[in-house]
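Before any comments, here is the structure.
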Amino acid sequence: MRPAVIAICAVLPMAALAQGLEPRVTIVTSFPKDLTQPYAQAFEKAHPGTKVEVQNRNTAAAVAFIRETQSSPPDLFWASAPDAFEVLKKNRLLTAYKPKSEGIPAQVGSYPIHDPAGFYMGFAASGYGIMFNTRYLAANKLAAPKQWDDLKKPAYFGHVGISAPSRSGTTHLTVETILQGEGWAKGWATLLEIGGNLAAVSDRSFGVPDAVNSGQYGVGIVIDFFALSAKASGFPVDFVYPELTTIVPANIGIVANAKNPNAAAAFVEFLLSEVGQEILLDPKIRRLPVRPTTYAKAPADYPNPFKDRSLGARVKFDADLSEARYELVNSLYDRIVTFRLKELTEAWKAIHAAETRLAAKPNAEARALLTEARAKVTAVPIGETEARDPAIAGAFQEKRKDKPVPVRQAEYEERWDAHAKRAYAEAKTLADKAAQAAR
Amino acid sequence: MTAAVASGAAGTLGRRASPGQIAVGLAVALFLALFLVLPVARVMVAAIEGPDGYTLDHFGDFARTALFREAFANSIYVAFMAVVLATLIAVPLAYLLARFRFRGAALIQTLGVIPLVMPPFVGAVAMQLVFGRNGSVNLLLNEWFGFRIPFMEGLNGVIFVEGLHYFPFILLNLSAALSNIDASMEEAAQNLGASGWTLARRIVLPLALPGYVAGAALVFVKVFDDLGTPLLLNATNLLAPQAYLRITSIGLDDPLGYVIATVMVAFSLAAVAASALVLRGRDFSTVQRGGGGLGQRELTAGRRIAAWVFISLVLLLVLSPHIGLLLLSLGTVWSFSVLPDAFTLAHYGAVFGQSAHYLGNTVLYCALAAALDVVLGTAIAYLVLRTDLPGRRWLDAVAMIPIAVPGVVLGIGMLRTFHGINLPGSDQPLATFWGMLIVAYAVRRLPYALRACTAALQQLHISLEEAAESLGAGKLATLRRIVVPLMAGGILAGFVTSFATAAVELSETLLLVTREADAPASYGIYVYMQSPAGRGPGAALGVIAVVVVAVATYFSHRLAEIDRAKRGKLGR
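Residue numbers (our numbering), protein chains in the order written: chain V, 1 to 439; chain L, 1001 to 1572.
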């Protein structure tokens, strides 16, 4: 331990003991400094004598850190991705806690704010939507998209970015929302058609807003605060919630065997308090409070999911269904979109080209070929019932001795990959033929 | 007066393992076992764990999966082509530097290292802003000529970026090798009538081969295993990203990720071994140690201009990401435009206000890690090339493993192995003690230093040591007075590469740092880069880190030059 830290430890206990709080609280978080610093400062002001230590890690590193440091763990885990909390919960790395704060409803949109089992608490809501770079759109003469379906349009070919659902718990929820809202087969068709317009599939959530901010591509599928805080920082970007969106909470949880449990609990309470919720309105943070009364202090155009029922309410989100096929959906998306993006976009490019030609010169034979091509490129290699089947979905989950699976994950993945490669090549050939026929 | 003595059976001295050598060998082995093998093994064992005991099924899955076979082939192709590109850049530069008297050679040497210092994330953003599909270059091309060049798309993009990024490995090692060639070798050849191309082909290039091969092998293996660039370009059909994406999937201990990592380690070691085979059976060492490099000539005025034009073009190309970084750090908003909208110094103000301690930590950690690396590298190279210590080749092979082990695997392994142990006299776990970062950096960058030190020792003829010993010098004195000073160029090259690359290491850093006050600059950059408002300050911190590394590199080259000049004088 370094001298400075020793000195602080020696002085602080007096003040902290008065409140029954430990002299420090350590937080592992994936949130940016813009969010953590105001909270740390405000908390230290409200609880003089307790020092907040923030450790920034990306979500994957944070989960690994908590898993590996059980002998002397950090006190709190503070992040967006609900899947990370679920993983920690399953591994018994979180402590259940019941917040004392009153005035926070059970749900935001159709999603429970706190974990029903009590292992993590939602402190802010966020919705997924479409972010776009206005300069980029103007230069490319593109209209601003409003709905997911807009992103299917050929005009957006090569202009759209997304992060892989396997890499971003929030993108996963968007994918799952589309699948639940439109149904399995139709949902995948939408995802694959949007996939045809993708410029890139990023491996981290922040890669998408980064690329839209710098204008590498014009449109990104991102969580609201990425876009809104970029706008607040002066970037020529804007954001829209499509009708079909899920509002999901960002969370905090107390780590099992936390060394400073009282201070950790106090921090959770602080996040949920009136004062804590107001900090979310800061333009650099710009997240949706979970305390409905806080919206009274927000600017006029601030989205309010508790009032605006269209936000996140169109889909009745089935959390059990989502959980049953969580890993399978991620792996499937990677197989048929992320890792075969080149083949997928080439197939769609050929289809778009043929359609342009067909529009100028209608031709029944070409139309039939194109319909077949579209069917090929939008087909998903596994049915909805199979995807829910524990025998299959289980192959993608953590391997356990008591849960043997008949077929290994690798075998499914190889099957899907082969399907995607073949189907996209066939679709391209069909589309090229259609273009020939319409000549 | 000189000869490249081709002695198949090298000298007889020092061929039996002495107690001192055994002790050094054991110490190195212990270090590697404790901080590399054990932590990595504790994570990688997942590759062979099945539902009932151990299994090799996962390796079968690897072979059966078309995606992985494709990724494997792509990785080899990309690595090979990157070596070609890096060679095209580095060899002329190294030759110019070694052959001709140049003002500012140290400057070029220094600028040649800078590409290695590419801060994570912020560097990626800067690269995209310069070379991306709507980066400055393409926006200008599109405006003037109506087309774009896909610098950063697909496998060719990876080759382009990697070649630019890693050519310093060849430049550094080749320069060190060239400066070790004795001028008198060349003079002898000239006396025999060789000149120009013959001279280069028959004398200079063969003698510099160990340096080139060391550098090229590093580039090959490094590109083969590199993660940052493919992720930056979203090129996922390569082995390293395939492994990484699986290993870092939250909460899933996916065996295939570790299988891929194992395959990568095996292939990388094979590549290094193959590069050693290229050199086997030849002797590159020279006896004469007076010359201090090739005879340097003055360039004619015309050629000097041509040389400067070439060098300027290369430097402009390789430094453009850093120019992008500089602009990013000085710009307000930079979005879909050739240059930022406006300029400001506010980002630097923010960094100096809050983040100065990061830089001190970086210099401290990386300098210590690099020092540890060259000590280990020299020790291993000496044991391998100069002794018959049993198992010495294993030390060399094991020390090369980190080049192919993803940082996150080593980071998790360190936590798993050392978190339960507390720092003596406190309740702080050893794993999160800042000293562990130094060890982790040293382990991760050891291969660079090791290859550089090995190449340097390969050029040194054993008869010099034999002469010293026959004059009564002990082993230690010989090492201290003869071997290490004569290897100085290679050791320096190793130190610089280790130092520069450790300065921007992120994946281990993110796992092992627990206190803001102990964090190095790469962590600071990461923290800034998590929000759009942090792009400027993140870039500013990146620029400062680059400058710090550049200054350190420049001074080490100045020192080396002074040393070389001194030796040159003594020899003539």
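Glycine included, each C-beta is placed from N, C-alpha and C at the ideal position.
Only a predicted model underlies this, so the values are computations on that prediction, with no experimental measurement involved.
- About 7 Å separates the CB atoms of L:G1377 and L:A1452; that is less than 8 Å, so the two are in contact.
- Scanning its chain for C-beta atoms nearer than 7 Å, with the 5 sequence neighbours on each side dropped, one finds around V:V87 the residues V63, in chain order.
- In terms of Cα proximity to V:F317, the closest of V:V255, V:I104, V:K51, V:T174 is V:T174.
- DSSP places V:W78 in the strand class (E or B) of the three-state scheme.
- Look at V:Y412: its C-beta is not under 8 Å from any C-beta on chain L.
- The C-alpha of L:V1265 is placed about 29 Å away from the C-alpha of V:S163.
- Chain L places no beta carbon closer than 8 Å to that of V:V160, leaving this residue out of the contacts.
- The beta carbons of L:L1510 and V:A61 sit about 5 Å from each other, so the pair counts as a contact at 8 Å.
- Assignment of V:I104 by DSSP, reduced to helix, strand and coil, places it in the coil class.
- Rounded to whole angstroms, the separation of the alpha carbons of L:A1240 and L:L1218 is 16 Å.
- With respect to chain L, the C-beta atom of V:D417 has a partner C-beta closer than 8 Å.
- Per DSSP, the beta-bridge partners of V:R24 are V:K51.
- By the CB criterion at 8 Å, L:M1127 and L:V1161 fall inside the cutoff.
- The Cβ-Cβ distance between L:F1418 and L:A1431 falls below 8 Å.
- The DSSP-derived three-state label of L:N1422 is strand.
- Contact residues of the region 1103–1134 of chain L toward chain V are F1121, A1124, V1125, Q1128, L1129, G1132, R1133, N1134 (C-beta to C-beta distance below 9 Å).
- DSSP places V:E243 outside both helix and strand once states are collapsed to three, so it counts as coil.
- For V:P305, the secondary structure class from DSSP, reduced to helix, strand or coil, is coil.
- For L:L1155, the uninterrupted alpha helix (DSSP H) run begins and ends at 1154–1180, by DSSP.
- Secondary structure at L:V1405: coil, using DSSP grouped into helix, strand and coil.
- Taking 8 Å as the CB threshold, V:A200 lines the interface with chain L.
- Non-local beta-carbon contacts of L:S1075 in its own chain, meaning distances under 6 Å to residues more than five positions away in sequence, involve F1224, L1238, L1239 in chain order.
- The beta carbons of V:P242 and V:V222 sit no closer together than 8 Å.
- At a cut-off of 8 Å between C-beta atoms, V:E426 does not count as an interface residue with respect to chain L.
- In terms of Cα proximity to V:K376, the closest of V:Y412, V:A425, V:I279 is V:A425.
- Residue burial annotation: V:N257 is exposed, with fewer than 16 other C-beta atoms found within 10 angstroms of its C-beta.
- Judged by beta-carbon spacing, L:I1048 lies beyond the 8 Å limit of L:L1038, meaning their Cβ atoms are not closer than that value.
- Between V:Y333 and V:P165, the CB-CB gap stays under 8 Å.
- Taking a C-beta cut-off of 8 Å against chain L, none of the residues of the region 104–121 of chain V qualify.
- Of the other Cβ atoms in all chains shown, fewer than 16 fall within 10 Å of the Cβ of L:I1305; this residue is therefore exposed.
- Within chain L, the residues whose beta carbon sits less than 7 Å from that of V:S214 are V1125, Q1128, L1129, W1334, S1335, listed in sequence order.
- The C-alpha of L:P1406 is placed about 12 Å away from the C-alpha of L:R1246.
- The continuous beta strand (DSSP E) containing V:F132 extends over residues 121–133.
- Between the region 317–330 of chain V and the region 349–358 of chain V there are fewer than three inter-stretch CB-CB distances shorter than 8 Å, so the stretches are not counted as touching.
- Close CB contacts of V:Q147 within its chain, under the 7 Å cut and outside five residues either way in sequence, are with P242, E243 (chain order).
- Boundaries of the beta strand (DSSP E) around V:A200: 198–202.
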